[in-house]
DNA sequence: ATGGGCACCTGGCTGC
DNA sequence: TGCAGCCAGGTGCCCA
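Residue numbers (this note's numbering): 5 to 253.
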């Protein structure tokens, strides 16, 4: 049985007024993921959650008092609360009683990066006639999902492709290398628990260790781990990009 | 259809 | 010590 307490409705989008009534008394039937959205399936519908940049979900004992930025709770049987914490409020929560894959936030999402559908041929096809910088393109959720700012820079480094290169200038071979680099980077990051830059910890409170494997991200001015020349940084569409101008062309 | 820029927020750090 | 300015792990939307 689930009950809900919402303390702050103003997330990225306001939490719908009828949300509490919709979910009350239901049982969790399963948990899925699509891109960076977490899908919690209940009897009559599905919660669609996003953690944004600073959100986290924790299971806490029912008598744990809420702290600042603890925006909502789902109270479970057995004395546990699923609690959402998000200082920046870039996270979101939606409820749908239809097939979640058809929800506007999910309907147009591209293939998962670790799926067979995402490969070099696919990426090469998606880059044709596109003048945008390749870094921008691989962060576009209608091209591939799951590639955030850290992993975009890292994958481009591994594929030896400049982040500024117009997407349509990639050769088929480079597209293959980049698709594989994206799979490798994400796969290794998952295996090592993600990238803790400042305060990221997983649900058990453990830090991620992929930071130690970063080749360029947040290493501006430091020696490239391959060629020893200085790692460079510049702003690309309001986001920091890191790269090695010797290794990447 | 595509590309570019903005918006939504708080908190932590830096430098004056 | 205080404060202004800048930057941050994301991504949808609006406009040209």
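Ideal placement from N, C-alpha and C gives every residue a C-beta, glycine not left out.
Only counting the same chain, and skipping five residues up and downstream in sequence, which positions put a Cβ closer than 8 angstroms to that of residue 192?
214, 217
Measure from the alpha carbon of residue 92 to the alpha carbon of each residue in 16, 99, 82, then state which is nearest.
16
Hey, quick one: how far does the beta strand (DSSP E) through residue 188 stretch, first residue to last?
First-last for residue 188: 176-195, but that is the alpha helix (DSSP H), not the beta strand (DSSP E).
Flag this pair as yes or no: are the beta carbons of residue 4 and residue 138 separated by less than 8 angstroms?
A query on residue 4 cannot be resolved here, the shown segment of the chain reaching from 5 to 253 and no further.
With 16 other Cβ atoms within 10 Å as the buried cut-off, status of residue 57:
It is exposed - the Cβ of residue 57 has fewer than 16 other Cβ atoms within 10 Å.
Would you mind listing the alpha helix (DSSP H) stretches within the segment 98-149 that are 4+ residues and don't spill past its ends, in chain order?
108-111, 124-131, 138-142
Give the DSSP bridge partners of residue 10, in chain order.
76.
Decide if residue 95 is buried, meaning its Cβ has at least 16 other Cβ atoms within 10 Å, or exposed.
buried
Thinking C-alpha only, which one of 72, 221, 86, 245 is nearest residue 7?
86
Count the other C-beta atoms from every protein chain shown that fall within 10 angstroms of the C-beta of residue 119, then say buried if there are 16 or more, exposed otherwise.
exposed
For residue 161, report the span of its alpha helix (DSSP H) as first-last.
153-163
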